[in-house]
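Peer 1: Residue numbers (my numbering): -11 to 101. Idealized CB from N, CA, C, for every residue including glycine. Just so we're clear, the structure is a prediction, and the values are computed from it rather than from any experiment.
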């Protein structure tokens, strides 16, 4: 039986950039975040990008940055629980190679149904 990832809330301006109702077969959905400019790989880490549960607990994740495509993959090390809400957080400490920070933090609230 497939699960769906439902987007519950997101930072302003992301509405046309996030696909909704993504189907996957396990609870280990991998977020893929594409940036328009190459990033400083030193700023791509579990401190600046993380997933939290509804009670604010930070989940253990594996973060991989592909410098060639400017894509970050954020994979949970444990499956997301069904019917629980989570938030993907990207802080303004993520920087481009030129030192430019994100203008605002990104928060994307999602739920596994």
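Going by alpha carbons, who is nearest to residue 87 out of 1, 20, 16 and 29?
Peer 2: Working through the chain shown from its first residue, we reach residue 87 at position 99. Ranking 1, 20, 16 and 29 by Cα distance to residue 87 puts 29 first.
Peer 1: Apply the 10 Å Cβ neighbour rule to residue 24 and answer buried if 16 or more other Cβ atoms are within range, or exposed otherwise.
Peer 2: Within the chain shown, residue 24 is the residue found at index 36, counting from 1. Burial state of residue 24 is exposed, judged by a 10 Å Cβ sphere holding fewer than 16 other Cβ atoms.
Peer 1: Go ahead and label residue 36 buried or exposed: buried means 16 or more other beta carbons lie within 10 angstroms of its beta carbon, across all protein chains shown.
Peer 2: Here residue 36 is taken as the residue at index 48 of the chain shown, counted from 1. By the 10 Å Cβ count, residue 36 comes out buried.
Peer 1: Taking its Cβ as the centre, do 16 or more other Cβ atoms sit within 10 Å of residue 18, making it buried, or is it exposed?
Peer 2: If you number the chain shown from 1, residue 18 lands on position 30. With fewer than 16 other Cβ atoms within 10 Å, it is exposed.
Peer 1: Could you give the uninterrupted runs of the beta strand (DSSP E) lying entirely in the region 14 to 97, keeping only those of 3 residues or more?
Peer 2: 19 to 22, 37 to 41, 49 to 54, 59 to 64 and 73 to 78
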